[in-house]
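First up is the structure itself, then whatever we jot down about it.
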Amino acid sequence: MPELPEVETVRSGLSRFLPGLEITAVDYNWPKSFPSDPVDVKRFLIGSKVVEVKRRAKVLLIVLNTGYSLVIHLKMTGQLVFRGHYDRFGAGHPTDSLVGELPDHSTRANFTFKDGSQLFFNDQRKFGWIRLISTAELPNVDFIKKFGPEPLEDTFTWQGLRERLRRRANTSIKAALLDQTVLAGIGNIYADESLWGARIHPATTVKSLTDIQIKRLFRALQSVLTLALAKGGSTDRNYVDAEGRKGSYLSFASVFRREGQPCPRCKSIIQKTKVAGRGTHLCPYCQKLQPDK
DNA sequence: CACTTGACCTGTCCGC
DNA sequence: TGCGGACAGGTCAAGT
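714 is the number that this note's numbering gives to position 1 of the first sequence; each next residue is one higher, with no gaps.
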């Protein structure tokens, strides 16, 4: 579930706490979550300090002062929760934290810092991962190189979206939006919400979209992602921010997880179907399926 | 190459 | 109450 707004919320939280902290211990109990090949990551990390925390698409980058970065993908159920001297950071221990005592049964890795604070990587379903990669090599790493543009950057335009979509002309617009090489950071929640905003049926073939529809989709993507960022992302089950708190976007969602409820625009009943192999929410009146072009 | 499907996992929910 | 199966959704490998 962590998509662009969730990962960005975690990033901004971590960037308040981590820079300057020195790693004194590293533990992990699920090797696939933290592949230690080709280096002994524990030995490699101890003594290094955090410089900054960045994000690209749904990937977090914790840049260290050793020339290496911790590259983290939360996949569906990953969490990164910081526990430490909240008074020093002026945060106060959140009373609305979803997460209890740490580590818990879903903790796959944790990092201890010199001042006693800790960063926990929790991941119920074990799909997420942490890798140690040379910071200078990051731009050349295959999966990072292939990411499409960041939808909230100023340089991204509706014509840019149209150009990126050309590579997936014969698939559904929903599958294209979920393709990280087309556009970075969109997942199931914001794909459904944006397509509702643009009044486009998710199964519409990309090549049959008009320029007007692509413009509407571009604006919908930006407004949906911006609102989601402002609300700290979406918490359906697992997602929490760096302090263990939920995001509240879903109470503003128009269609996602709202099957059986009235469409906010036309009051038709929201339906749930399957498109591109994913659960898909739509309004059958606002989002009529148009014939292929 | 373009596109779709299945696998990776665990926890929850639904029907019998 | 127990149990099997479907489902949840990000990504990649494998298949068409």
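Yeah, the Cβ is synthetic: ideal placement off N, Cα and C, and Gly gets one too.
Local conformation of residue i per DSSP, three classes
| i | result |
| --- | --- |
| Asn823 | strand |
| Leu783 | strand |
| Pro715 | coil |
| Glu735 | strand |
| Val953 | coil |
| Thr894 | coil |
| Asp855 | helix |
| Pro975 | strand |
| Thr868 | coil |
| Ser885 | strand |
| Thr948 | coil |
| Ser961 | strand |
| Gly791 | strand |
| Thr722 | helix |
| Ser967 | coil |
| Leu727 | helix |
| Glu850 | helix |
Boundaries (first-last residue) of the alpha helix (DSSP H) holding residue i
| i | result |
| --- | --- |
| Leu938 | Asp924 to Ala943 |
| Ile759 | Neither: Ile759 is in no alpha helix (DSSP H) and is coded neither H nor E. |
| Leu874 | Trp871 to Leu878 |
| Ile902 | Asn901 to Ala911 |
Whole-angstrom distance between residue j and residue i, CA atom to CA atom
| i | j | result |
| --- | --- | --- |
| Glu866 | His786 | 21 Å |
| Leu727 | Gln893 | 24 Å |
| Asp740 | Ser981 | 51 Å |
| Cys976 | Tyr998 | 9 Å |
| Gln1000 | Lys987 | 15 Å |
| Ala911 | Glu850 | 38 Å |
| Ser947 | Gly960 | 5 Å |
| Asp1005 | Lys887 | 15 Å |
| Val766 | Val720 | 11 Å |
| Glu972 | Thr722 | 27 Å |
| His818 | Asn901 | 27 Å |
| Pro748 | Gly791 | 16 Å |
In DSSP terms, what residue i is bridged to
| i | result |
| --- | --- |
| Gln831 | Arg796 and Thr825 |
| Tyr741 | Ala822 |
| Val988 | Arg991 |
| Thr917 | BP columns for Thr917 are empty, so no partner. |
| Ile982 | Pro975 |
Span of the beta strand (DSSP E) around residue i
| i | result |
| --- | --- |
| Lys767 | Val763 to Arg769 |
| Trp842 | Trp842 to Ser847 |
| Ile775 | Val772 to Leu777 |
| Leu992 | Residue 992 is actually Gly in this sequence, not Leu. Note, Gly992: beta strand (DSSP E), Arg991 to Leu995. |
| Lys839 | Here Lys839 belongs to no beta strand (DSSP E), and DSSP marks it neither H nor E. |
Cutoff 6 Å; reference residue i; Cβ partners in own chain excluding five residues on either side
| i | result |
| --- | --- |
| Ser907 | Ala933, Leu934 and Val937 |
| Lys928 | Trp871 |
| Ala941 | Pro718 and Tyr962 |
| Cys979 | Tyr998 and Cys999 |
Residues near residue i by beta carbon distance below 8 Å, same chain, minus five either side
| i | result |
| --- | --- |
| Arg880 | Thr894 and Val895 |
| Val968 | Asp905, Glu906, Trp909, Cys976, Ile983, His994, Leu995 and Cys996 |
| Pro862 | Thr868, Phe869, Gly873, Arg877, Leu896 and Ala897 |
| Gln1003 | His914, Thr917 and Ser921 |
| Thr939 | Leu865 |
| Ser746 | Arg821, Ala822, Phe834, Asp836, Lys839, Gly841, Trp842 and Ile843 |
| Val764 | Pro732, Val776, Leu777 and Asn778 |
| Leu845 | Val752, Val754, Phe757, Leu758, Tyr781, Ser782, Leu783 and Val784 |
7 Å CB neighbourhood of residue i in its chain, flanking five on each side removed
| i | result |
| --- | --- |
| Phe931 | Trp871 and Leu874 |
| Thr884 | Val919 |
| Lys944 | Gly960, Ser961, Tyr962 and Phe965 |
The ligand ADP heavy atom lying under 6 Å from the CB of residue i
| i | result |
| --- | --- |
| His994 | As far as ligands go, the structure on display features none, and thus does not contain the ligand ADP. |
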